[in-house]
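Structure record follows, encoded as structure tokens.
Number of protein chains: 2
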Amino acid sequence: MDAKAKVFQICKKAKDASRDFSVVSTEKKNALLRAIASALESDSDKIISANRKDLASARENGVPDHMLDRLMLNEARISGICDSLRALVLLTDPVGSGELFTRPNGLKIACTRVPLGVVAIIYEARPNVTVDAAALCLKTGNATVLRGGKEAANTNLCLIEIMRTCIENAGLCPDMLGFIGPELGYEGADALMQARGLVDVLIPRGSKRLISAVVEKSSVPVIETGAGNCHLYVDGSADLDMAVKVAINAKCSRPAVCNAIETMLVHASVAEDFLPKFASAVAQKHSLEIRGCEKTCAILKGISPATEEDFETEYDDYILAVKVVSSLDEAIAHINKYNTGHSEAIITNDRYAADRFKSLVDAAAVYVNASTRFTDGGEFGFGAEIGISTQKLHARGPMGLYALTTQKYIIEGNGQVR
Amino acid sequence: MDAKAKVFQICKKAKDASRDFSVVSTEKKNALLRAIASALESDSDKIISANRKDLASARENGVPDHMLDRLMLNEARISGICDSLRALVLLTDPVGSGELFTRPNGLKIACTRVPLGVVAIIYEARPNVTVDAAALCLKTGNATVLRGGKEAANTNLCLIEIMRTCIENAGLCPDMLGFIGPELGYEGADALMQARGLVDVLIPRGSKRLISAVVEKSSVPVIETGAGNCHLYVDGSADLDMAVKVAINAKCSRPAVCNAIETMLVHASVAEDFLPKFASAVAQKHSLEIRGCEKTCAILKGISPATEEDFETEYDDYILAVKVVSSLDEAIAHINKYNTGHSEAIITNDRYAADRFKSLVDAAAVYVNASTRFTDGGEFGFGAEIGISTQKLHARGPMGLYALTTQKYIIEGNGQVR
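Protein chains in written order, with the working numbering: chain X, 1 to 418; chain U, 1001 to 1418.
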């Protein structure tokens, strides 16, 4: 059997298992999540030893340090994963909720939340995602097919085995948690993108390159997540101290994440005051490379010029592009040209500017006088997150449990005809 | 300029116009809808004469009668279109509605409905869709790009011109209603499917072939609509008189529409009673061709046998496939194998069977003791409908105004950082 046939078989089994699982009670799903948490804790030695093998090969293959860090599991991290599982138990299950209305002809129509069916996730070498993603899908009654980065192969296989055993012990079909092993290579990933009719939604989690490849190739419906070319605009009416504080936070608190800013736009009327203030404040704590437009370079001597490419780039690093703009509308136009629909912020004391920015900037999250770093399921109070959607269909912004469900109209009558 | 460049230019202009239009008040949008209704009425002679040209060429080109009927506009039909426009005025505009919550750190988060941006629709030679679709998009603050069937070219151009003039008279940019003319051919349609970033969603309306082609080729997010391989299952506990009445309605009241049934499943325990009863009742009013499984053929002598292909086919005609099943679960499995996720019905007096059918059948609308023909925005009380979604993401079932919007998180703070 070739890679494609194997993947389709895994997806078909998940699809079949998803039917019965879709009607399992919240109580039973929560018990399963608790059982998985306990099993991961008691098997933590086994997990850590599988993870050590992965780390050793990754080091041999020259995987960079920051990726090794994402790959690494230890007691504390496993315990963190189990805490998340137990927190997930406490969240409300959206499945079965909905609205009921009666039509004049007596038809009772219930618009009910139901699981999507089979959720597939393609992600990189982050073993915590293996458990997190499976758990979010479990909680919402979905079957899951996971395809993780090859560097985490041993760890993932160990985690999947533990979870499948728990599923089986709960009297459910373990095929509802499918895993596309690294032996199936890129063909395995490609097959998953072609499993239309077997997979209900495919969520890529990881780099921009991974996400673009999935969007390009997939015939399965995709939810795009994560690409974040985010901006902060310092308006002419801004409280400049607030602007400095928010800009430093939005850029430097964690530059590698998608909700960090990449470009700062500054109104010409405050640029000469603000830019030196910002540059000296940020230099006290961080080594930030600033690349500026012509006007910025004239104010902050010695920095490199920003090119068109800079404005298009999600640096994910301690680099910030800066552009001086002559109006609010120029800032909005720049953002709508270059942004990826993630998070955008304005610092202003002008009610009109705030309203115009909120209305016209096209993004999942638009901030007035706060840092873009808050775009996150936890920070929004959703408790858990499968990703941050940068698309407009289905889900936009941090996706909680609700985004893993769809609706079904259930209509009861007593023989009505039209 | 080639077809692709022309289409991209139309889409780009629509995208630019969509920004300002997204914040236009409901009052102003309603006034525009009323103005369009009046203009269509006063220009009805012009519209009808353009339509006559289309009808004449269509007849010359051998377009079949049922398509000529869909293409035809007369005073009564124009007046019907204008009535729909005025009914649309009365519906609640979802834009601007939403939820507001405050986080412990003081951030105020509003999750607000906003327009999708640019909605493109590819459809066949039905000029009423030109006005309906544009109006639904207008009401929800979206720009629209339409690509209608070439047979309706003159009618569409006339309708578009009237609507664009009304938009301009309202002080808005007419480019928010774009039209891909028939001179751009299939290349024009293909270009629209590739306008990722310029078009926010593409909705194909029409035949299964059109919809499949769009789903296959499009890199723009698509909402699939309309394909309806629907079933009626007559359970062993069914009230057989009700079953006869509902089956005849679901098949014969309008066979060409997507919510009509194509296959009827009958429990073995009632097949011998029910099938002759149904066959003789339906024969009194309709000339229905029944194609049956082996057991059905043994009960209803002289009918043709149903093949695998029959169970896969959306006949859209006075043809019905019939299969006798030995259990509820066999019926559910058959439906989940062959259906297109549209509308499915069970006739039963057994609470357990009803619940199991409702839970396990995977479709947008699942009926107990009622006809599938009710799956419709008007029948559900939504007042207007852009199509019936058979997909699970974003919208499922009849899509009203809400489905033409997305959400935007608007977060207000006073300098919060993370």
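For each residue, glycine too, the CB sits at the ideal point set by N, CA and C.
Just so we're clear, the structure is a prediction, and the values are computed from it rather than from any experiment.
Query	Result
Residue burial classification, Arg147/X (beta-carbon count within 10 angstroms, cutoff 16)	buried
Listed by chain order, chain U residues near Leu240/X by CB distance under 9 Å	Those within 9 Å of Leu240/X in chain U number zero; the least Cβ separation is about 11 Å.
CB contact below 7 Å: Ala365/X versus chain U	yes
Complete alpha helix (DSSP H) runs within the segment 1024-1096 of chain U (minimum length 4 residues, chain order)	1026-1042, 1044-1060, 1065-1071 and 1075-1090
N- and C-terminal bounds of the alpha helix (DSSP H) containing Ala333/X	Leu328 to Tyr338
Beta carbon of Leu136/X nearer than 7 Å to that of Ala384/X	yes
Buried/exposed call for Phe101/X, threshold 16 Cβ in 10 Å	exposed
Best match in Ala363/X, Cys230/X and Arg351/X for proximity to Phe311/X [C-alpha to C-alpha]	Cys230/X
8 Å Cβ cut-off: residues of chain U touching Pro221/X	Gln1391, Lys1392 and Leu1393
Any C-beta of chain X under 7 Å from that of Gln1009/U	no
Interface residues of chain U facing Val246/X [CB-CB closer than 9 Å]	Gly1413, Gly1415, Gln1416 and Val1417
Val145/X, DSSP secondary structure in three states	strand
Under 7 Å between C-beta atoms of Phe1382/U and Gly1400/U	yes
Amino acids of chain X, ordered along the chain, whose beta-carbon sits closer than 9 Å to that of Glu1379/U	Arg103, Asn105, Leu107 and Arg418
Extent of the continuous alpha helix (DSSP H) run through Ser1018/U	Ala1003 to Phe1021
Reference Ser1044/U, options Gly1117/U, Thr1026/U, Arg1034/U and Cys1158/U, closest by Cα	Cys1158/U
Residue span of the beta strand (DSSP E) that contains Val427/X, given as start and end	The question about residue 427/X has no answer here: the residues shown for chain X are numbered 1 through 418.
Distance, Glu224/X Cα to Asp1065/U Cα	44 Å
9 Å Cβ cut-off: residues of chain B touching Gly397/X	In the structure shown, chain B cannot be found, because the protein chains are X and U.
Option in Ala1125/U, Ala1260/U and Pro1204/U with minimal Cα separation from Leu1068/U	Ala1125/U
Candidates Asp317/X, Thr296/X and Ala243/X: closest to Ala260/X by CA position	Asp317/X
Given Ile1411/U as reference, the closest of Ser359/X, Gly413/X, Ala247/X and Ile319/X once Cα atoms are compared	Ser359/X
Short CB-CB distance (under 7 Å) between Arg19/X and chain U	yes
Short CB-CB distance (under 7 Å) between Val1063/U and chain X	no
Euclidean distance between Cα positions of Leu88/X and Ile36/X	12 Å
Glu1289/U versus Cys1166/U, Ala1238/U and Pro1255/U, residue with shortest Cα-Cα distance	Pro1255/U
Cβ contact check for the segment 128-142 of chain X and the segment 19-31 of chain X: 3 or more pairs under 8 Å	yes
CB contact below 7 Å: Phe1274/U versus chain X	no
Minimum Cβ-Cβ distance from Phe311/X to chain U less than 7 Å	no
CA-to-CA distance, Thr1155/U to Val1129/U, given in whole angstroms	11 Å
Same chain only: Cβ atoms within 6 Å of Pro94/X, ignoring 5 sequence neighbours per side	Arg113, Leu401, Tyr402 and Thr405
Nearest-angstrom Cα separation, counted from Ala1170/U out to Ile1203/U	27 Å
Residue(s) in a DSSP beta bridge with His1267/U	Val1325/U
Reference Glu308/X; option with closest CA among Ser25/X, Pro104/X and Lys323/X	Lys323/X
6 Å Cβ shell around Gln391/X - same chain, five flanking residues per side excluded	Glu224
Cβ-Cβ distance between Gly206/X and Tyr123/X below 7 Å	yes
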